[in-house]
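Number of protein chains: 2
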Amino acid sequence: MQIEHLIIGAPAAGVVALLYAFITSGWIGRQEPGTPRMKAIGDQIARGAMAFLAAEYKVLGIFVVIVAAGLAALYGATESGSPLVGVSFVVGALCSGLAGYFGMRVATQANVRTAAAARTGLAPALRVAFRGGAVMGMSVVGLALVGFGALFFVLMNQFGVTNVDTAQVDFNKIISILAGFSMGASSIALFARVGGGIYTKAADVGADLVGKVEAGIPEDHFLNPATIADNVGDNVGDVAGMGADLFESYIGSILGAMILGAVALNGWFEAALIPLGIAAAGVVVSVLMTYTVRTKEGGNPQVALDIGAFGAAAIMLPISYAIINFALGSSGGSITLQGGKQVGTVDLMAAIVAGLAAGVAIGLITGYYCSKGKRPVNSIVEQSRTGPATNIIAGIGVGFESTALPILGIAAAIFVADHYAGLYGVALAALGMLSTTGIQLAVDAYGPISDNAGGIAEMSSLPPQVRERTDNLDAVGNTTAAIGKGFAIASAALAALSLFAAYRGLALGGKQLILTEPKVLIGLLLGGMLPFLFSSMAMKAVGDAAMDMITEVRRQFREIPVLREALTLVAKAEEEDRPLTPEEDEKVQAAGKKTEVERCVAISTQASIRRMMMPGFLALASPVVVGFWSAEALGGLLAGTLVSGVMLAIFMSNTGGAWDNAKKQVEDQKKDYNPEVNTGKGSDRHKAAVIGDTVGDPFKDTAGPSLNILIKLMTIVAVVIAPLIAG
Amino acid sequence: MQIEHLIIGAPAAGVVALLYAFITSGWIGRQEPGTPRMKAIGDQIARGAMAFLAAEYKVLGIFVVIVAAGLAALYGATESGSPLVGVSFVVGALCSGLAGYFGMRVATQANVRTAAAARTGLAPALRVAFRGGAVMGMSVVGLALVGFGALFFVLMNQFGVTNVDTAQVDFNKIISILAGFSMGASSIALFARVGGGIYTKAADVGADLVGKVEAGIPEDHFLNPATIADNVGDNVGDVAGMGADLFESYIGSILGAMILGAVALNGWFEAALIPLGIAAAGVVVSVLMTYTVRTKEGGNPQVALDIGAFGAAAIMLPISYAIINFALGSSGGSITLQGGKQVGTVDLMAAIVAGLAAGVAIGLITGYYCSKGKRPVNSIVEQSRTGPATNIIAGIGVGFESTALPILGIAAAIFVADHYAGLYGVALAALGMLSTTGIQLAVDAYGPISDNAGGIAEMSSLPPQVRERTDNLDAVGNTTAAIGKGFAIASAALAALSLFAAYRGLALGGKQLILTEPKVLIGLLLGGMLPFLFSSMAMKAVGDAAMDMITEVRRQFREIPVLREALTLVAKAEEEDRPLTPEEDEKVQAAGKKTEVERCVAISTQASIRRMMMPGFLALASPVVVGFWSAEALGGLLAGTLVSGVMLAIFMSNTGGAWDNAKKQVEDQKKDYNPEVNTGKGSDRHKAAVIGDTVGDPFKDTAGPSLNILIKLMTIVAVVIAPLIAG
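First to last, the protein sequences are chains A and B. Quick note, this note's numbering runs 1330 ahead of the 1-based positions in the first sequence. Quick note, this note's numbering runs 1330 ahead of the 1-based positions in the second sequence.
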């Protein structure tokens, strides 16, 4: 069997994943959506989420068309590039967008059905929530493999080249076309993460301020149109945003391994076989392992999730070995690195294992810094006793400190991967972490689905044991999610490094990037500054978008008479600490149908999309502007952004996570307002912890996660424009 | 006249500066120290400051001896280095330490005498305060030129070489010995800044918490031993810390220009003539310009300070031109850069002007981001309306944003300097900003002296117009101080860059630092992380040291009976809102003499010195450990630390400054507790702004200013060990 035919396995595995997603989403649709009230709330969330996607995709559609036309025009005019770059950019953006659409559609069906299933027991609720997440995971990897795999085949036919000569124009053309796909996916990811992050935090703040503080109705009440937006925001940020994020990580690491592999292995198909083969196998393993995720009533869902995610990773090791061994067969069982060193299958596997080990270690460290009861969170809880200022200082201190060990982990992974297999090893180390993205993302997306289910149970006044079950679901999976975060950070750094090396080769050819060159240093400083500027825009956007949301909710409360009346009833009952009478409840239910959720969602969407323009523009334009001035400066820019971007990303995510759990830890403690103890819900210590948590929101949900994408998007833009600025 | 003889001008100018400092400090000592009460308070502060210095220097003495012995041993064992490195390290540390001692001794005399002079009028008060600062400034530049200049002469005699051959062992030896001096000064600077920063903020927090909150006595009351420590802290951090900081910047930029100049000009004396000549002229100009700083009663002290500082800088431009022109004379009026380009006096001047322009621009930008009434501070004031969380988010957003323009300024300076005069130009750009350090530092140190004078006036119950005058003095000089800050940041970055380039040449010889090499990338990531880890240690140290201080103050309040009694009297009078009766006052005065200030100061000193060990160790050990692993990785480490260190330094200083002035702006507003307006002292908005200000304290006074030193200390350590790790 020829290697060319084996590659077809990648899109084929993608089709398997999509079939799984299709069948599973049908199964979810057939589950019981619960009481009419639950159904109404679920519908509102689903409608809101779709309204967001519709508005977002309209704007992104225009953006994609303009950029694609620009790329096609620029590339059509030069000999070194192909106008196909524009097409592949569109296909990449489209695949990523579709994956977000499918995933969010099913997640917004699964949330209410998880709540409904939780009325029966823990096991059926876990099944619905996890399968909902699995649809997201499989949509992402399925569309990635189908899109990218198909593009690769078209390219090979178009150019008819299988051997690699890095001096050939065709080599640069093929890489820039493949990179176009990745750039499309990364652009969508950046906008989805930034926009989603702004959205969810703006809705959160807006809902709380107008509903709870001004109108005096309880948190999460369905009369408040921003409450729905808040729940929509969870889906928008944590499901669609994360899906697009992992889609671009997945493609980025495959691409990095392919470009460096093409040089190392001296053949396109051989180079593609390793990343695409491992990815394809990873998809099949992920699909099979989803069936192991089940629990008995009274069982521990944590064990079920761990078996699924870690089992898949373990199974992938021997499979990866076999694939690499096969791929090296055509070059005599070993490849020759740039320095002349011969490396074999075991060396390449060492690189993959180094990446995996670093990812797991970083995940555990991240978990440690953000977990209740551990030293870092304990120190924040302790310092919260003397007020918000010490809470903030302690949190920032913890966050700064938390960058140290993950960076050592990344450095160790680079060292080992390079030692065994050079820069190609670094690319493989990134790839190894992402081979089981399918099931990893299923576990990640399961979290917000369970969270939403809990909210729906609360809003629908279901019996307390239902909420207990959804809380139980929500509480586990944290370890797996933390490791997912570790994978995201480590793989972003490693994938960016390998793409960075690819950029150097494409843009500078035989010339090296010399660190003491003033242009490189200028680029380095400017690049180091960009993540700070980007984060400042994201944080400012949250504040501004929240103001827009507040204005709209106030307007609805003022201008819709039945709503105003219902609000008064609820606030009164709340004040008198009694449930609504059946008569009142009927009125309130009727008024709930009058809230203009779509309008509220649309306004918040517009605000968040408007506010995501500038950071997005910064990410896309900076490498282009700097690159057309000097290819060396662009090299420095990428390195600078990588360094300060990774630091800020770790800092912001961990600080936010630690503040969040410090607040929860104070809430867990028994109320005691004695000044010596001063703890529990409502205490001054709690108030201080709540302030830290609020500061942490835009840290961990808006700016932090966007920085990983910023780093890679800038690098991929550089790779795409490299042929244009070379020489 | 031979060039060798001209160089003697540098130590000679240093002697002039020291003579000025000696005469002026005598003059200050002869001024009227005011009422017995003022004198007592002034004595307490002076005793406290000396107690701190004594404790600090004891510890630093041990440290200096150990490191010097280590350097001498390491270097004695190799052919490429000289054990003289250890000696020059000691001399550098000693000169920096002496400058700190002189400056602080006089500053703690000048504060009380400024308050006394302010009873007569503004003009005499300005004279005392400014001359107090000038002693600090002239001690710093005087000792720097005498020490460094003398060392240079000894070296030239010792080795008998005047021509430079970079391949010669002698070249590396001379550089590492000169760098040893700079390393000594930088080590003292780091400890002085970190220790001083921890000290001043710990005393601040401790004094407030125990005195104001627990005992109920007014802020800054002399019965509180931590209040004196607080005032001591201002001297320790803002006078001694800043002096040591500028001492090491001054030497660092001279050294950078000498090393790169030795290569460019191919002669040690020619290379030394430019930086030492400019520095010597700058000292003489600074001394002369101090006599122009005077104001009439009712005049604006701002104008006087501006004339002094800007006038000196303007006069230095033609003088620098003449010196450079003369130095280039021996090589035919131009020098040949590495690429083969010929550059003349005008090109070198262009580089100097680029540095000056960038420094001024960055200073103005820094001023803009931290000033009352400007957009950034206004936005924090606006966001404080909704509480501490939005105050913090807005402040961090402003701080992140504030990195952008200064980095563009630094990038532009590098671009211009490199364009006209290559890397040597970058070194000259750093040098140009620091030629008038003498008068610049006089203006900087004048601030805390006026501030202290205000505190003494308050504590001694002087008439309100006295406090008004000292406030008037304190309020001006902000622009000059902001520009000083701009100079500090820009010159740190540029000097670090030129030393970085020197390191590359020494450690790698003909080999280049290639940015895509995995070892360089590992270094880059680790280096990027160090400023975060360092800042986390500094911030945690403030918290811990404050706790030690609190414990000690509580003990004194509990265990000294007359003090306990006096505290009750004051607290009672305070509660009844009446002055003390003469009888009570007598008791309180007597009790004030019983406070164990030295003990309190010593304990806080020990705590801050203990806590500064780890960050100091981190800064010194990291380059050594990484360098002995790989010289390439150390190159990456320096670049990474430079990038993230500069960003964090700008971010932390500006965020802290903006929060500080946002609080002051709220306090300036008329009290209005109406929820719609919610402003003025005591309002919820004010409480939120106070929290931001407290968070900003360790940002702007502990971690932020130390980062500039961290960057340069690590680079200079790398230069010192370069001959040992080369090859």
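Just so it is clear, CB atoms sit at the ideal spot from N, CA and C, and this is done for glycine as well. Quantities reported herein were computed from a predicted structural model and do not represent experimental measurements.
Do we get a CB-CB distance below 8 Å when we pair residue i with the residues of chain B?
i	result
Glu1731 (chain A)	yes
Leu1753 (chain A)	yes
Pro1718 (chain A)	yes
Asn1554 (chain A)	no
Gln1713 (chain A)	yes
Pro2059 (chain A)	As displayed, chain A neither begins before 1331 nor continues past 2057, which places residue 2059 (chain A) out of reach and without an answer.
Val1756 (chain A)	yes
Asp1878 (chain A)	no
Using the beta-carbon count (16 or more within 10 Å), is residue i buried or exposed?
i	result
Met1331 (chain A)	With a pLDDT of 48 at Met1331 (chain A), under the threshold of 50, the modelled position of that residue is not reliable, and no figure is offered here.
Ile1392 (chain A)	exposed
Gly2012 (chain A)	exposed
Phe1947 (chain A)	exposed
Pro1794 (chain B)	exposed
Ser1791 (chain A)	exposed
Pro1912 (chain B)	exposed
Ile2039 (chain A)	buried
Within 8 Å of any Cβ in chain A, is that where the Cβ of residue i sits?
i	result
Arg1834 (chain B)	yes
Thr2032 (chain B)	no
Ala1340 (chain B)	no
Ser1418 (chain B)	no
Leu1316 (chain B)	Past the boundaries of the shown model lies residue 1316 (chain B); chain B is included only from 1331 to 2057, so the question cannot be answered.
Val2025 (chain B)	yes
Leu1827 (chain B)	yes
Gly1965 (chain B)	yes
Gly1873 (chain B)	yes
Ser1560 (chain B)	Inspection of the sequence shows that residue 1560 (chain B) is occupied by Asp rather than by Ser. Closer than 8 Å: no.
Lys2042 (chain B)	no
Ala2056 (chain B)	no
Asp1500 (chain B)	no
Could you list which residues in chain B have their beta carbon closer than 8 Å to that of residue i, in chain order?
i	result
Leu1843 (chain A)	Ile1844, Leu1845 and Thr1846
Phe1830 (chain A)	Thr1846
Could you please give me the residues that DSSP links to residue i through a beta bridge?
i	result
Gln1672 (chain A)	A:Thr1666
Asp2002 (chain B)	B:Thr2009
Ile1505 (chain B)	Answer is none; Ile1505 (chain B) lacks a bridge partner.
Ile1844 (chain A)	B:Ile1844
In chain A, which residues lie with their C-beta within 7 Å of the C-beta of residue i?
i	result
Leu1856 (chain B)	Ile1737 and Ala1741
Ser1974 (chain B)	Gly1858, Val1973, Ser1974 and Met1977
Lys1870 (chain B)	Gly1727
Ile1722 (chain B)	Ile1722 and Val2025
Ile1744 (chain B)	Pro1848, Leu1851 and Ile1852
Below 7 Å on C-beta distance, what does residue i contact in chain B?
i	result
Phe1981 (chain A)	Phe1862
Ala1734 (chain A)	Met1859 and Leu1863
Ala1969 (chain A)	Leu1845 and Leu1854
In chain B, which residues lie less than 9 Å from residue i when you measure between Cβ atoms?
i	result
Ser1866 (chain A)	Ile1726, Gly1727, Val1728, Gly1729, Phe1730, Glu1731, Ser1732, Thr1733 and Ala1734
Looking at the C-beta of residue i, does it have a partner C-beta in chain D at a distance below 8 Å?
i	result
Ile1528 (chain A)	Considering every chain present, this structure includes no chain D. Its protein chains are A and B.
Practice prompt. Only counting runs of 4 or more residues, tell me where the alpha helix (DSSP H) segments fall wholly within the segment 1395-1483 of chain B, in order along the chain.
Written response: Annotation note: the segment 1395-1483 of chain B contains the following uninterrupted alpha helix (DSSP H) runs of length 4 or greater, listed N- to C-terminal: 1414-1447.
Item to complete: Taking only runs that begin and end inside the segment 1657-1734 of chain A, name each unbroken alpha helix (DSSP H) of 4 or more residues, in chain order.
Response: If we require 4 residues or more, the alpha helix (DSSP H) runs fully inside the segment 1657-1734 of chain A come out as 1675-1700, 1705-1713 and 1718-1731.
Discussion item. Please give the ranges of any beta strand (DSSP E) in the segment 1595-1623 of chain A, keeping only runs that are unbroken, at least 3 residues long and fully inside the region.
Written reply: For the segment 1595-1623 of chain A, there is no continuous beta strand (DSSP E) assignment of 3+ residues that stays within its boundaries.
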